[in-house]
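Below is one structure, written out as structure tokens; the observations come after it.
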Amino acid sequence: MIKRFIDKLLGKSAPAAAKSRFGKRAEIGPEVHGINPQLVDERAINVVRTLKNAGFEAYIVGGAVRDLMLGLAPKDFDVATNATPEQVKNLFRRAFIIGRRFRIVHVVYGRGREHEVIEVSTFRAYLDNAAAEQVAGNEKTSKSDLAGMKHAVDSTGRVLRDNVWGPQDEDAARRDFTINAMYYDPETQIVVDYHHGMKDAKARVIRMIGDAATRYREDPVRIIRAVRFGAKLHGLGFKLEPKTAAPLVKSQSLLLEVPQSRMFDEMLKLLQTGHALASIEKLKELGMARGIYPLLDVVVERAEQPFVKAALLDTDRRVGEGKPVAPSFLLACVLWADVRDGWAKRLNARQHSHPALMDAIDDVFNTRIGDVSGRGKLGGDMRDIWTMQPRFEKRTGSAAFGLVEQPRFRAAFDFMRLRAENGELDEVLSDWWQEFSVADDNLRNDMVEEVKLEQQQRAKTARPPRVHRLPARAATDTAVAGSEGTNEADPVAQRPDAESAGEGGEAPKKRRRRRRSPNRNTGGDGDAPAAPESQA
């Protein structure tokens, strides 16, 4: 107390201000936070236990704690610790250090599509921008300057490097929203809260820690995160706190300085967390429907089109059911209109079908996606989905058997099914492929044979009736036989456009005389046999 009085007389108030900036540590027991331990992922518990057994602090942190407090089963689990990335990596058999801006560790469990990643970050120090190293350009133009820097910002105040380790209270202060800044120890079941995150969670408020405009300048991606959390938690009654929402539109231009690859990833998070349609509505509500990212502008613009809306609903449904979703499928749906129209335009210009489709796809990648991910696996999967669409029309021979064995058949089929449901194709085709895909070989052979017979029957029905004409010589002989009577037996003489050099059909008679062989002997009744044309 005496020390505080002396500090006040001497004007030493900085330590108190710094302490309030970092918040006050509050430990909340299970009887208050109400987290169900059964909802905690066993692999996240294993990571925490391994780090604690090695002598480090470790907690489940972020959105997982928020969801657990709300009674939800988190889809992802992150862990925060005072161990450095190198120390974390050494404790696990399959662990990888990633990132330059924020160095973190991915601890991997399982293999293939069923693998699980627990993201482990080190407690970071809270540093003012004034104390950070300055670079003149951005992250892309200043790579050489940033080499070796641990904490650096650009001229706008955006943090380009943040790899200075610190205590837990400073780590909490540098997180974005209060409801995402709580730490949970699954062994003691204690929640550590520095910024009244639990109070805001109960009040259903999304609040930025510190001054919102400043925090958006430090990391403009927080703008997209604010929209995403606003959409994701809207159904639970959460709203953006006014001071958190107010600077969003003015700060939107800061996103132009964020690397395109990071913006691409943030766009996918916005669309693949199970609340794609809600996120689009939130963007419109906040006046941010355009200008965040070019490809996102296209998604928002086309969200009400039946085919795209069906794809967004399907993505939300799969996420809600715990099924995997692929960004390639959703983006293939969003950009299909461009591919389809470009393909049709080239076909009308008499270009062959397959080259026309490939050229249309290349145009879409060049104009809509660029080099961000369009040339990698995502781009390859999108191409497969698009190029397989014409092949669904071919159901005879070995074509159907070959198509169903393709690695991306299921994605391409789901794409075709959506097209059929939205009137672009006959649903009979979709039903046929659904049955074919699950049938055994005998049934598949029968189905292919049935299609072949149907096509043959349609071809017969659609074919115009054949007109049987007399051979040229037979027609001549018939005309000669009837020359003493009428000309009704001569199809040439009866034609309205037949040439006529005189009256009474004299021209056709001359034409018949010209075709006779000089040695041919015929009588007036036309009964003499005709000689082969090869004879002299």
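Just so you know, we're using the numbering used here here: the sequence shown kicks off at 1165 and counts up by one.
A virtual CB, placed ideally from N, CA and C, is assigned to each residue, including glycine.
For the beta strand (DSSP E) containing residue i, name the first residue and the last one.
i     : result
Y1223 : A1222 to V1225
E1468 : Where E1468 is concerned, there is no enclosing beta strand (DSSP E), given that its DSSP letter is neither H nor E.
D1242 : D1242 to T1245
A1190 : A1190 to I1192
D1375 : Neither: D1375 is in no beta strand (DSSP E) and is coded neither H nor E.
I1343 : First-last for I1343: undefined, no H or E at that position.
Should residue i go down as buried or exposed, given a rule of 16 or more other Cβ atoms within 10 Å for buried?
i     : result
E1382 : buried
T1750 : With the chain represented from 1165 up to 1700, any question about residue 1750 goes unanswered, as that position is not in the structure.
D1340 : buried
H1518 : exposed
L1203 : exposed
S1664 : Low local confidence applies: a pLDDT of 41 at S1664 is under 50, so the model's placement there is unreliable, and no value is given.
N1344 : buried
D1595 : exposed
W1500 : buried
V1602 : exposed
E1569 : exposed
E1334 : buried
D1605 : exposed
I1533 : buried
E1430 : buried
G1451 : exposed
F1402 : buried
A1496 : buried
R1371 : buried
R1213 : exposed
R1338 : buried
R1677 : Caution applies to R1677, whose pLDDT of 49 falls short of 50 and renders its modelled position unreliable; the value that the coordinates give is listed next. So R1677 counts as exposed.
T1342 : buried
T1286 : buried
I1192 : buried
F1579 : buried
V1271 : buried
Q1332 : buried
I1549 : buried
Mind checking who residue i pairs with in its DSSP beta bridge?
i     : result
W1329 : R1288
H1270 : F1260 and E1283
L1404 : I1370
V1413 : DSSP output for V1413 lists no bridge partner at all.
I1199 : According to DSSP, which records beta bridges pairwise, I1199 is partnered with nothing at all.
V1355 : I1192 and Y1348
Any beta carbon from chain D within less than 8 Å of residue i's own beta carbon?
i     : result
G1587 : Annotation note: the requested chain D is absent from the structure, which comprises a single protein chain.
Need the endpoints of the alpha helix (DSSP H) that residue i sits in, please.
i     : result
I1456 : Taken as a continuous stretch (DSSP letters only), I1456 belongs to no alpha helix (DSSP H), as it is neither H nor E.
M1546 : K1541 to T1551
H1518 : S1517 to V1528
S1562 : Element bounds for S1562: n/a, residue is neither H nor E.
R1583 : F1573 to E1585
F1600 : E1591 to V1602
K1396 : V1385 to K1396
E1429 : Looking at the sequence provided, one finds Asp at residue 1429 rather than Glu. Unbroken alpha helix (DSSP H) run through D1429: Q1424 to L1435.
K1448 : A1440 to E1449
T1214 : E1206 to N1217
E1569 : Here E1569 belongs to no alpha helix (DSSP H), and DSSP marks it neither H nor E.
T1625 : D1605 to A1626
P1249 : P1249 to L1255
Between the stretch 1587-1600 and the stretch 1555-1574, are three or more C-beta pairs nearer than 8 Å? yes
Kindly confirm or deny that the stretch 1423-1437 and the stretch 1474-1492 touch, where touching means at least three C-beta pairs closer than 8 Å. yes
Please determine if the stretch 1572-1585 and the stretch 1471-1480 are in contact, where contact requires at least 3 C-beta pairs separated by less than 8 Å. yes
Does the stretch 1217-1224 come into contact with the stretch 1245-1252, if we say contact requires no fewer than three beta-carbon pairs (one atom in each stretch) closer than 8 Å? yes
Pairs of beta-carbons, one from the stretch 1474-1485 and one from the stretch 1502-1522, closer than 8 Å: are there three or more? no
I'd like to know if the stretch 1227-1234 and the stretch 1196-1216 are in contact, where contact means that at least 3 CB-CB pairs between them fall below 8 Å. yes
Decide yes or no for the touch test of the stretch 1403-1418 against the stretch 1348-1358: beta carbon pairs closer than 8 Å, at least 3 of them. no
Using 8 Å as the cut-off, can you tell me whether the stretch 1387-1407 makes contact with the stretch 1443-1457, which would need three or more C-beta pairs spanning the two stretches below that distance? yes
Report yes or no: do the stretch 1409-1428 and the stretch 1448-1466 share at least 3 C-beta pairs separated by less than 8 Å? yes
What runs of the beta strand (DSSP E), each 3 residues or longer, lie entirely inside the stretch 1471-1515? none
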